[in-house]
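Participant: Have a look at this one.
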Amino acid sequence: MARIRLEELRKTFGPVVAVDDLTLSIEDGEFFALLGPSGCGKTTTLRLVAGLERPTHGRIFIGEREVTDLPPQARDVAMVFQDYALYPHMTVMENIGYPLRVRRYPRAEIERRVREVAEVLQIADLLDRRPGQLSGGQQQRAAVARALVYQPQAFLFDEPLSNLDAKLRLEARSFLKHLQKSLGITTIYVTHDQAEAMALADRIGVMDRGRLLQVGTPLEIYRRPRNTFVATFIGSPPMNLIRCRFHSAEAVLALEDGQAIALGERGEALRRAFRDGEPLWLGVRPEHLSLAEGPGPTHLSARVYAVEPLGVETLVTVQINNERIALRLSMDEPPVLREQVWVRVPMERALFFRENGELAL
Amino acid sequence: MSAFRMILSRLAFSIFTTLCGAFFALPMLWLLLAPFNARGTLAVEIPRPFTLENFERVFANTFAMRALLNSLILAGGTMITVTLVATLAAYALSRAEVPYYDLLTYGLILFSSVVTGTAAMVPIFLLANALGLVDTYLGVIMVFTGGLLPTAIFILRDFVEGLPRSYEESAMVSGASPWQMVRDVVMPLLRPGMMVVGIWTFVQVWGAFLVPFVLLRTPERMPAAIAIYSFYTEAGTPILTLTSAYALLYAIPVLALYLFVNARYGFRFFGGIKR
Ligand SMILES: Nc1ncnc2c1ncn2[C@@H]1O[C@H](COP(=O)(O)OP(=O)(O)OP(=O)(O)O)[C@@H](O)[C@H]1O
Ligand SMILES: [Mg+2]
Chain D
133 MARIRLEELR KTFGPVVAVD DLTLSIEDGE FFALLGPSGC GKTTTLRLVA GLERPTHGRI
193 FIGEREVTDL PPQARDVAMV FQDYALYPHM TVMENIGYPL RVRRYPRAEI ERRVREVAEV
253 LQIADLLDRR PGQLSGGQQQ RAAVARALVY QPQAFLFDEP LSNLDAKLRL EARSFLKHLQ
313 KSLGITTIYV THDQAEAMAL ADRIGVMDRG RLLQVGTPLE IYRRPRNTFV ATFIGSPPMN
373 LIRCRFHSAE AVLALEDGQA IALGERGEAL RRAFRDGEPL WLGVRPEHLS LAEGPGPTHL
433 SARVYAVEPL GVETLVTVQI NNERIALRLS MDEPPVLREQ VWVRVPMERA LFFRENGELA
493 L
Chain H
364 MSAFRMILSR LAFSIFTTLC GAFFALPMLW LLLAPFNARG TLAVEIPRPF TLENFERVFA
424 NTFAMRALLN SLILAGGTMI TVTLVATLAA YALSRAEVPY YDLLTYGLIL FSSVVTGTAA
484 MVPIFLLANA LGLVDTYLGV IMVFTGGLLP TAIFILRDFV EGLPRSYEES AMVSGASPWQ
544 MVRDVVMPLL RPGMMVVGIW TFVQVWGAFL VPFVLLRTPE RMPAAIAIYS FYTEAGTPIL
604 TLTSAYALLY AIPVLALYLF VNARYGFRFF GGIKR
């Protein structure tokens, strides 16, 4: 159990910068999710922490110890690989016990500990099988068991749930969260699934092209994404971004098709942040939008593009000019296709991004 | 009409495959039948009269019997050396990403075919002589090892390349030292490849005549491939009854090895590798 600190960590593969000057501190016992699209450098970061890759530049600390130049064997972390990497020639028992075997624990002690962990993970009756004879979910639990059997300084998970079907995934997710909280072992969890990161993590780090864009609690990241990339990466469907121009005198935002939204109380703040006539992105989450009966100062006229009932709520996509906007509505009688509707934009919850994507307000 | 044609073509195909099968089966049948025949013959026929006397005479030839043991020592020794060294070398060459690996192995394979070939016999003899390895098992084993190693490495590297790295990485993160990792994870997973190379090496040495013939002096150290000539007449023609009996004995260890390996390990890969 330990803090993990990464200082200006950088890793290049030839011309490819996989991890770009990453500085990050993960607290003792924290569940930290690294979130980002495919190829953004999540796995590379994890492998750097595990010692499977050598950093081009920068330093890594686990606990108070600098481990930058230590081999994986000396770092005392446990990693669960995306493909589990269970040794196919060993039984589940031997697989789980392997970290103890290399540490030269007595045979009886290994067996006792493996059984204990296997009980917790509900795979005690599978110990004599080979990994090839297990289902995906069972393999995942065996891989987690192999990490749990010795109490490492930290857990490193590389998309451990991506091979599971939707239902099993939800189960495994709750299970992992519960387990991590009860053990209190520092965890880095890599995923490209924003819902998984939101559900599991104490804090999330959002990565893109090797850079860490934002670090924060799930709610912080959800409510105040630092830029449009994070805004559109988190949430399903993601935040709506509407292209507008700021008109200082009237305190309105003008859309490209000429419609205007009154800024109301936020006009003053925008005046300080933006120049007159400056283009910007108006960001609103789909669940904050609603439908209105008729025109109003913050209402936009739109045409219904698609209606998707999801059970609890209905996902409605409307089209304004050429832009599509998603709404999450909980109503019994959703609008019908191609109908003209009024969308109410709640200015008090709206975010304003500069043209280059940075959050301004 | 067309049904008739079909039957005809089926018949022709059957006859053709039977002939092909017979062509390859006949020598083996001869090897199984001739040793029990009192009359020396090259024909495949039911032994008439049936006898075990050929074997009695072969067993009585202590030189030839000792030679089988020698063959076992030479082939077994080379098999173990080549398999172990090739496995470690192939692993290192593959994982260390040695530049120009392909060129290196192709070059070595080319040269190695020279080592066990006729052309290099004189220098090899001189070298062995200088090292005091003439007339020793070790000398023969070393020459064979040198000759077979490059091809063995070449074969095994394919097996190593097929092995996902995450097994080794997982072992390293779990705390295994490099040697523990190779012993516990890499070697067991490479076992099918090691079996292939092991048996291939064994068969190569088992049947080899030239190298031991040049390097060994003492009759007590000669392998079976040379000793079989003790069943030839002074004039140099084989005594068919005895050579066939000895040849059958000579074939048994290879068959046994193959059957043993197949039963114990099987020439298959472990299931459950998902990528
Ligand atoms: N061994 C390597 N050699 C060369 N380039 C590599 C290597 N490993 C990773 N890269 C590159 O580094 C970048 C980051 O890769 P990484 O595997 O860390 O991405 P990731 O975020 O884990 O993606 P995914 O979600 O698809 O697993 C990619 O552009 C990848 O092509
Ligand atoms: Mg990855």
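First to last, the protein sequences are chains D and H.
Here the numbering used here is used: the first residue of the first sequence is 133, the next is one more, and so on.
Here the numbering used here is used: the first residue of the second sequence is 364, the next is one more, and so on.
For glycine and all other residues, C-beta sits at the position ideal for the given N, C-alpha and C.
From a predicted model like this one, the values you see are computed outputs, not experimental measurements.
(1) Excluding sequence positions up to five away, which residues of its chain have a Cβ less than 7 Å from the Cβ of ALA304 (chain D)?
(2) Between VAL75 (chain D) and ligand 1, is there a pair consisting of the residue's CB and a ligand heavy atom that are separated by less than 6 Å?
(3) Show which residues of chain H have a CB atom less than 7 Å away from the CB atom of PRO231 (chain D).
(4) Can you list, in chain order, the residues of its chain with a C-beta nearer than 7 Å to that of SER380 (chain D)? Leave out the 5 residues immediately preceding and following it.
(5) Go through its chain and collect everything with a Cβ distance to SER435 (chain H)'s Cβ below 7 Å, but skip five positions before and after it.
(6) Do the region 373–389 of chain H and the region 472–487 of chain D touch if we need at least three Cβ pairs shorter than 8 Å?
(7) Kindly list the residues whose CB is nearer than 7 Å to the CB of ILE255 (chain D), restricted to its own chain and excluding five residues on each side of it in sequence; keep chain order.
(8) Among residues of its own chain, excluding the 5 on either side of ILE409 (chain H), which ones have a beta-carbon nearer than 8 Å to its beta-carbon?
(9) Which whole-angstrom value describes the C-beta separation of ALA333 (chain D) and PHE213 (chain D), a residue pair presumed to lie in contact below a C-beta threshold of 8 Å?
(10) What is the rounded straight-line gap between the Cα of LEU414 (chain D) and the Cα of GLU425 (chain D)?
(11) Report the option in D:ALA329, D:VAL416, D:ARG341, D:LEU345 whose CA atom is closest to the CA atom of PRO370 (chain D).
(12) Just to confirm before moving on: does the CB-CB distance between GLN283 (chain D) and ASP208 (chain D) stay below 7 Å?
(13) Here's a check: name, in chain order, each residue in its chain whose Cβ is nearer than 8 Å to the Cβ of VAL246 (chain D), leaving out the five neighbours to either side.
(14) Below 9 Å between beta carbons is the criterion; list the residues of the region 535–568 of chain H that meet it against any residue of chain D, in chain order.
(15) Which term fits GLY146 (chain D), buried or exposed, when burial requires 16 or more other beta carbons within 10 angstroms of its beta carbon?
(16) Closer than 7 Å, Cβ to any Cβ of chain D: which residues of the region 597–619 of chain H, in chain order?
(17) Quick one: using the 10 Å Cβ neighbour count with 16 as the cut-off for buried, is THR155 (chain D) buried or exposed?
(18) Between the region 184–204 of chain D and chain H, which residues of the former have CB atoms less than 8 Å from a CB of the latter, in chain order?
(19) Pull up the distance between the alpha-carbon of GLY168 (chain D) and that of PHE365 (chain D), whole angstroms please.
(20) Against chain H, does MET211 (chain D) count as a neighbour if the rule is that its beta carbon must be under 7 Å from one of theirs?
(21) Taking contact to mean 3 or more Cβ pairs, one atom from each stretch, closer than 8 Å, check whether the region 523–537 of chain H and the region 474–491 of chain H are in contact.
(22) Considering only the alpha carbon of each residue, which of D:ARG460, D:ARG470, D:THR360, D:TYR437 lies closest to LEU491 (chain D)?
(23) How big is the Cα-Cα spacing for LEU526 (chain H) and LEU552 (chain H)?
(24) Would you mind listing the alpha helix (DSSP H) stretches within the region 356–387 of chain D that are 4+ residues and don't spill past its ends, in chain order?
(25) Compute the Euclidean distance between the alpha carbons of HIS324 (chain D) and ASP389 (chain D), then round it to the nearest angstrom.
(26) Are at least three pairs of beta-carbons, each pair with one atom in the region 342–358 of chain D and one in the region 311–322 of chain D, less than 8 Å apart?
Facilitator: Looking at the coordinates:
(1) GLY269, GLN272, LEU293, LEU296
(2) Here chain D has residues from 133 to 493 only, and residue 75 (chain D) is not among them.
(3) SER537, GLY538
(4) ARG403, ASP408
(5) According to the sequence as given, residue 435 (chain H) is Leu; it is not Ser. Around LEU435 (chain H): PRO616.
(6) no
(7) VAL224, GLN270, ARG273, ALA274, ALA277
(8) LEU396
(9) The pair is not a contact, with the Cβ atoms about 20 Å apart (cut-off 8 Å).
(10) 22 Å
(11) D:VAL416
(12) no
(13) MET225, ILE228, GLY229, LEU232, LEU259, ALA277, VAL281
(14) MET535, VAL536, SER537, GLY538, ALA539, SER540, PRO541, GLN543, MET544, ASP547, VAL548, PRO551, LEU552, ARG554
(15) exposed
(16) none
(17) exposed
(18) LEU184, PRO203, PRO204
(19) 8 Å
(20) yes
(21) no
(22) D:THR360
(23) 8 Å
(24) 360–365
(25) 36 Å
(26) no
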